[in-house]
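Chemist: Sequence lines, in order, name chains A and B. So for the first sequence, our numbering puts the first residue at -12; every next one is plus one. So for the second sequence, our numbering puts the first residue at 32; every next one is plus one. Where a beta carbon is used, it is the ideal one built from N, C-alpha and C, also for glycine. Everything numeric in this text was worked out from a predicted model, so none of it was measured.
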Amino acid sequence: MAAKLLPVVKLATKVGIAGGAVYVAYDSGLLGGSEQGSEALQKARAAVPPAIEEWMKYFGLQTQLPTIPNIEFSPVQAWNSGVRWSISRLSEAPTKAGEMTTQGVQYVRELLK
Amino acid sequence: MSERELGRKLDRCLADGVIKLGTGLGLGIVFSVLFFKRHTWPISLGSGAGLGMAYSNCQNDLRSHYLLHRNQKVGLDEETT
Chain A
-12 MAAKLLPVVK LATKVGIAGG AVYVAYDSGL LGGSEQGSEA LQKARAAVPP
38 AIEEWMKYFG LQTQLPTIPN IEFSPVQAWN SGVRWSISRL SEAPTKAGEM
88 TTQGVQYVRE LLK
Chain B
32 MSERELGRKL DRCLADGVIK LGTGLGLGIV FSVLFFKRHT WPISLGSGAG
82 LGMAYSNCQN DLRSHYLLHR NQKVGLDEET T
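(1) Which same chain residues, not among the five before or five after L56 (chain B), have their C-beta less than 8 angstroms away from its C-beta?
(2) Quick check: the Cα distance between S15 (chain A) and L58 (chain B), rounded to an integer number of angstroms?
(3) In chain A, which residues lie less than 9 angstroms from L38 (chain B) when you measure between Cβ atoms?
(4) So, at 6 angstroms on beta carbons, what are the nonlocal neighbours of N88 (chain B) in its own chain, with the 5 sequence-adjacent residues on each side left out?
(5) List, in chain order, every chain A residue whose beta-carbon is nearer than 8 angstroms to that of T54 (chain B).
(6) Let me confirm a value: R101 (chain B) is counted as buried when at least 16 other C-beta atoms fall within 10 Å, else exposed. Which label applies?
(7) Return the Cβ separation of A31 (chain A) and V61 (chain B) in integer angstroms, given the expectation that the two are a contact with Cβ distance under 8 angstroms.
(8) Taking only three categories from DSSP, how would you classify M43 (chain A)?
(9) Taking Cβ to Cβ, would you say L65 (chain B) is nearer than 8 angstroms to I4 (chain A)?
(10) If the criterion is Cβ atoms closer than 8 angstroms, does the pair S21 (chain A) and R43 (chain B) meet it?
(11) Starting from the beta carbon of S25 (chain A), find every residue of chain B whose beta carbon is closer than 8 angstroms, and list them in chain order.
(12) Looking at the structure shown, is P36 (chain A) part of a helix, part of a strand, or coil, going by DSSP?
(13) Report yes if the C-beta distance between A33 (chain A) and I50 (chain B) is below 8 angstroms; otherwise report no.
(14) Determine the closest residue to G38 (chain B) out of A:E86, A:F60, A:S75, with distance taken between C-alpha atoms.
(15) Strictly below 8 angstroms CB to CB, what residues from chain A border F66 (chain B)?
(16) Take the Cβ of M(-12) (chain A) as the centre, count every other Cβ of all protein chains shown within 10 Å, and call the residue buried at 16 or more, exposed below.
(17) Would you mind giving the Cβ-Cβ distance between T54 (chain B) and L18 (chain A), rounded to the nearest angstrom? I have them listed as a contact below 8 angstroms.
(18) What separation, rounded to the nearest whole angstrom, lies between the Cα atoms of S68 (chain A) and K100 (chain A)?
(19) Beta-carbon within less than 8 angstroms of R69 (chain B)'s beta-carbon, same chain only, minus the 5 sequence neighbours each way: which residues are those?
Structure below.
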């Protein structure tokens, strides 16, 4: 009787764990829209340092963690500044090329003197 | 769409992508360990599904600016009648 019940109990436990994981993911908004996802990420980032501190205290490690630098990276800003830099270099390129050619010619003349 | 709004939407897309990838990976690992004898394919499937959901959300978010929403349409209908 017990031998027959054991596989059923095992399967039920596995289904329960898997179903619980899916439910927790759904309930905390991880499978929802973009706004819910970014809110969840903010909450996770805010919750990580205190959790790490607690675990360190639990294991008796009192070392100071280095503070995570607050990286503010905007893809749009980076792209725009890259475009501006490229175009300004392109507009200066003929003038710079002329100057460098003149300097090169002068250098060669001095070498040949 | 202004640049600031576009920047905010892209930031949201990135954050959502990270969350959905992590969630898909996590659920894939759970299912792989519990039901599929620690094979790799459920993990790949979960990660891919998560990335796909994030892509779809991002697409809808970026398109929503150019769509006429229901509450705006109701307002227009009330003006014309």
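Modeler: Let me spell this out:
(1) Correct list, in chain order: I74, G77, S78, G81.
(2) Approximately 14 angstroms between the Cα atoms of the pair.
(3) The identity of residue 38 (chain B) in the sequence shown is Gly, whereas the question assumes Leu. Residues of chain A passing the Cβ test: S61, P62, V63, Q64.
(4) Short of 6 angstroms from the beta carbon of N88 (chain B), and not among the five residues preceding or following it, lie these beta carbons of its own chain, in chain order: D47.
(5) Here the neighbours are A12, L17, L18.
(6) By the neighbour-count rule (16 or more Cβ atoms within 10 Å), R101 (chain B) is not buried but exposed.
(7) Going by Cβ atoms, the distance from A31 (chain A) to V61 (chain B) rounds to 18 angstroms, so no, they are not a contact pair.
(8) Note: M43 (chain A) maps to helix in three-state DSSP.
(9) Contact flag set, yes.
(10) Less than 8 angstroms divides the Cβ of S21 (chain A) from the Cβ of R43 (chain B).
(11) For a Cβ distance threshold of 8 angstroms, residue set D42, R43, A46, D47, I50 of chain B lies close to S25 (chain A), ordered along the chain.
(12) Helix.
(13) For A33 (chain A) and I50 (chain B), no; Cβs fall outside 8 angstroms.
(14) Of A:E86, A:F60, A:S75, the residue nearest in Cα terms is A:F60.
(15) Within 8 angstroms Cβ-Cβ: K1, A5.
(16) Its Cβ having fewer than 16 others within 10 Å, M(-12) (chain A) is exposed.
(17) Indeed, because the Cβ distance is near 7 angstroms, the residues count as touching under 8 angstroms.
(18) Distance between the alpha carbons of S68 (chain A) and K100 (chain A): 46 angstroms.
(19) For R69 (chain B), the CB contacts under 8 angstroms within the same chain, skipping 5 residues up- and downstream, are S63 in chain order.
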